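One structure is given below, encoded as structure tokens.
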Amino acid sequence: MTTPIIRRIVGWLLPFLWIFSFYIMLFGHLSPGGGFSGGSVLGACLILDRHVNGANAFGARFTGERLLKLSLAALLLYGILKGQSFLAGVLHMNGLPIPLGTPGNILSSGLILPLNVLVGIVVAVAFYLIATLFEEGHL
């Protein structure tokens with residue numbers, strides 16, 4: 002059972018936590034963080050939103066099927082990006098011509114940035130679906 006005070010506080014906190022989770026994912030190659038830690042925070046946001054606002058209100062926006070499709074698409078894209086050199090039959094350094102950019106900038110890491118975001122999506126959805134299974138009594 003949640004009180005109106007908790008709903009109000011969580012309503013104020015969740016947007017900042019969402020932004021913080023994406024910050025962790027996007028700047029993980031420049032500072033501590035990355036896909037797993039950003040995805041953990043994002044998954045906690047999803048779980049907190051479901052717990053406070055109720056499963057019905059949250060499920061209308063994010064159905065389990067929709068989240069599972071998002072996670073599978075992220076996994077597929079991760080596999081394609083990570084395995085492109087193997088699939089193309091070339092050395093890893095001679096694969097896709099992705100510019101590395103200026104060191105220290107956000108777009109300075111080649112494929113690390115999109116891979117961090119994809120890992121974050123997969124981790125967040127996995128945390129949320131596991132918590133949902135526990136909440137519904139399936140595990």
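Each residue of the sequence shown is one higher than the one before, starting from 2 at the first, in the working numbering. A virtual CB, placed ideally from N, CA and C, is assigned to each residue, including glycine. Since this is a predicted model, take the numbers as computed values, not measurements.
Setting aside the 5 residues that flank it on each side, L76 is surrounded in the same chain by V123, each with a C-beta closer than 7 Å to its C-beta; the list follows chain order. Ranked by how close their Cα comes to the Cα of F135, the residues G40, P33, A56 and V11 have A56 in first place.
Judged by DSSP in its simplified three-state form, F28 adopts coil rather than helix or strand. Excluding residues up to 5 positions away in sequence, G29 and N117 lie with their Cβ nearer than 6 Å to the Cβ of G35 in the same chain. The beta-carbon separation of L43 and S22, rounded to 4 Å, stays under the 8 Å limit for a contact. DSSP, reduced to helix, strand and coil, places P33 outside both helices and strands of the structure shown, so it counts as coil. The residue from G105, V126, G111 and V11 with its alpha-carbon nearest to that of A74 is V126. At the C-beta level, G111 and G40 stay beyond 7 Å of one another. In the three-state scheme derived from DSSP, where H, G and I count as helix and E and B as strand, G12 is classed as helix.
The residue among E137, L114 and L27 with its C-alpha nearest the C-alpha of K83 is L114.
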